[in-house]
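So for the sequence shown, our numbering puts the first residue at 41; every next one is plus one.
Just so you know, even glycine gets a beta-carbon here, dropped at the ideal spot from N, CA and C.
Reviewing the structure listed below.
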Amino acid sequence: MRIYLIGYMGCGKSTLGRRLSEFMDLQFIDMDHYIEMRNHKTIPQIFAEEGESEFRKKERKALDELSEFTDTVIATGGGAPCFFDNIDVMNKTGKTIYLNINPAILAERLLKSKTERPLIKGKSKEELIAFIDDTLKKRNQFYKQAKYEITQPDIDLQLVKEMIL
């Protein structure tokens, strides 16, 4: 079994992924960490040195590799489903779950986050909410192709397991 968690940055893909993988006795992989290990650079370094388009190519290569892993929960990067035919690859090779969390909750989480996120650096709360709304309008056409959707930030793991099995 291969489960892809998709959704906007800060929606809880990595947190849910770790919990779900432990609960279902599967391995957990954070795609961004996988890319960093493979490239010996952080995501912000890749963005700064090579630009977003090169990062997206590296992200696609990582997806191709990860789509061969078995018994895995994969937390994708927020933009991963939105480039190339990535969402199709995810849907063909596993079960996709969209974590559809309210933009105000996302903004709160991102403002408190210690993780450096190149796409939102330096934005105020109001700017961040507007940016999230705008980005979600563009990305939802991809996110909504997921096989399953979760809208509750703290969903019970048993419910997730039952949903995908």
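Three-way DSSP call (helix, strand, coil) for residue i in this model
i: E189; result: strand
i: R78; result: helix
i: L151; result: helix
Residue i versus residue j: straight-line alpha-carbon distance, rounded
i: E166; j: L139; result: 22 Å
i: K132; j: T55; result: 24 Å
i: K201; j: P84; result: 34 Å
i: I172; j: T112; result: 29 Å
i: D104; j: T175; result: 25 Å
i: L197; j: M64; result: 9 Å
i: R100; j: T82; result: 16 Å
i: M49; j: L205; result: 26 Å
i: T102; j: M130; result: The question names Thr, but residue 102 is Ala in the sequence shown. A102 and M130: Cα-Cα distance of roughly 12 Å.
Run of the beta strand (DSSP E) containing residue i, from where it starts to where it stops
i: F68; result: Q67 to D70
Boundaries (first-last residue) of the alpha helix (DSSP H) holding residue i
i: T136; result: Segment K135 to L139 is the beta strand (DSSP E) holding T136; no alpha helix (DSSP H) there.
i: L168; result: K165 to Y183
i: I204; result: L197 to I204
i: I114; result: From DSSP, I114 is part of no alpha helix (DSSP H) but of the beta strand (DSSP E) over T112 to A115.
Between the segment 86-97 and the segment 57-74, do at least 3 Cβ pairs fall closer than 8 Å? Flag = no, the segment 86-97 and the segment 57-74 do not touch.
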